[in-house]
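Only one structure is covered here, and it is reproduced in the block below.
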Amino acid sequence: MFNVQDIKNIFKEISRLMDSNKEFLCQLDGTLGDGDIGITMSKGFSAIKEASLKDKEQDIGSLVFSYGMIMAEKAPSTMGTLLASAFLKAGNQFKGKQQLSFNDFVIFIETMIQGIKERGKAQFGDKTILDSFIPALESLKNSAEKKENILQSIQKAHNSAEKGMKNTINLKSRKGRAARYLEDSIGKQDPGATVGALFFEGILQYVSKKEI
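Numbering (the UniProt record's numbering), first residue to last: 1 to 212.
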């Protein structure tokens with residue numbers, strides 16, 4: 001399904017989306033946080049993209065682990081740290097792998113979520129990136145059980161991530177700086193969940209262009 005070059009290209013798509021949505025993300029974050037999430041995400045994923053152009057790594061796990069190191073260095077922020085933890089954990093899990101099957105990919109996303117949970121101590125419903133990632137994971141698991149094709153599976157996962165993102169509008173922030181707003185956070189879309197939805201949009205953009 002996915003080889004090393006596919007992973008590099010997926011992250012290239014994600015980088016493009018983070019860059020084009022930089023101002024929107026900052027606007028969302030300005031109502032709940034420091035207002036810089038768009039800048040840090042654009043910077044972090046851009047650094048990953050640039051490193052990918054030079055990297056000759058043929059091991060998916062080692063590649064993604066290196067992405068975690070880059071994100072930690074170039075995007076030292078709450079979201080940067082959470083994603084760095086996700087990439088480090090998933091990368092470590094898949095060291096030695098040159099190909100990811102669809103089932104591997106499901107485990108890859110699940111491992112990323114574990115990394116985020118361990119670092120951020122958040123759960124589904126806390127108004128975080130998990131509120132887009134977890135619905136996407138559940139959708140992927142459902143598609144795996146039904147043996148749906150890759151494009152359909154990723155489309156459904158992206159739709160679930162977007163639905164989860166939109167559902168954060170009705171939630172109260174319970175983690176990070178946004179938690180200080182308490183009831184005032186209700187009615188505002190979570191920027192972290194938006195980053196999560198954009199992550200899956202990047203995967204979909206790539207899969208839509210390439211028959212895997």
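Beta carbons: idealized from backbone N, C-alpha and C, even for Gly.
(request) For F2, write down the residues that DSSP places opposite it in a beta bridge. (result) L100
Legend entry - Top-ranked residue by Cα proximity to I7, from I109, M79 and I116: I109
For L171, which of helix, strand or coil comes out of DSSP? coil
### Message
Under DSSP, the alpha helix (DSSP H) around S52 begins and ends at which residues?
### Response
I37 to K54
Self-check item: Burial state of M1, where buried means 16 or more other Cβ atoms lie within 10 Å
Solution: exposed
Requested in this report: Could you work out which residue in Q152, T81 and G61 is closest to G192 when comparing CA atoms only?
Outcome: T81
Next on the checklist: Report the start-end ranges of each alpha helix (DSSP H) in the region 61–131 that is 4 residues or longer and not cut off at the edges.
Outcome noted: 78–93 and 102–120
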